[in-house]
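One structure is given here, and the rest of the page talks about it.
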Amino acid sequence: MNYIRKFKRNSKALSPVVASIILIAVTVAVSVVVAAWMGGMTIGLMGNAEQVSVSNPVFTASAVTIQVRNTGGASVTLSSATIDGATATLTAVPTASPITIAKGTTGTINIALASGTFAAGAQYQLGLVTAKGTSIVYTATYNP
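All residue numbers for the sequence shown refer to my numbering, where the first residue is 7 and numbers rise by one.
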């Protein structure tokens with residue numbers, strides 16, 4: 007009989023422990039669900055991000071031809087170009103308008119100075135802006 011009273015008196019201590027374990031389990035389950043949901047949203051948003059790389063600059067006296075590779079998940083449309091911050095003329099090779107580069111492909115782009123010529127040995131900052139407003143900057147040196 008004494009054991010039954012002792013068990014009943016100590017059984018109250020079991021309830022807070024079980025409640026704490028249940029609260030921790032529910033918190034972990036909710037955090038896993040929220041993390042999976044946010045991961046799905048992030049992948050959906052980043053899948054259409056514009057990712058462009060520039061390479062192989064070939065200079066002439068007043069223009070530079072570059073290779074533009076689209077490594078993103080969607081087509082990229084180039085809207086404008088700059089050379090050292092000054093507006094430049096942007097054309098595709100062969101000429102096409104608008105200049106659109108499909109995902110996973112490479113396009114050849116010609117950027118011409120509005121006026122003047124390049125100086126030998128000088129570094130130039132080539133800038134491209136996409137239709138969505140993404141800015142791509144590439145630095146190249148003119149070595150004739």
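Cβ atoms here follow ideal geometry from the backbone N, Cα and C, with glycine treated the same way.
These numbers come from a predicted model, not from an experiment.
Assumed close pair residue i, residue j - CB separation to whole angstroms, cut-off 8 Å
i: Leu134; j: Ala87; result: 5 Å
i: Ala98; j: Ile105; result: 5 Å
i: Asn76; j: Lys109; result: 5 Å
i: Ile115; j: Val74; result: 5 Å
Contacts around residue i, its chain only, beta-carbon distance under 6 Å, and the 5 residues preceding and following it disregarded
i: Tyr144; result: Val60 and Leu132
i: Val64; result: Thr71
Helix, strand or coil at residue i according to DSSP, with G and I counted as helix
i: Thr101; result: coil
i: Ser121; result: coil
i: Thr140; result: coil
i: Thr111; result: coil
i: Asn116; result: strand
i: Ala128; result: coil
7 Å CB neighbourhood of residue i in its chain, flanking five on each side removed
i: Ala67; result: Thr123 and Phe124
Residues near residue i by beta carbon distance below 8 Å, same chain, minus five either side
i: Ala42; result: none
i: Thr112; result: Gln73, Val74, Arg75 and Asn76
Write down every uninterrupted run of the alpha helix (DSSP H) in the region 17-87 whose length is 4 residues or greater and which is fully enclosed by it, in chain order. 20-52
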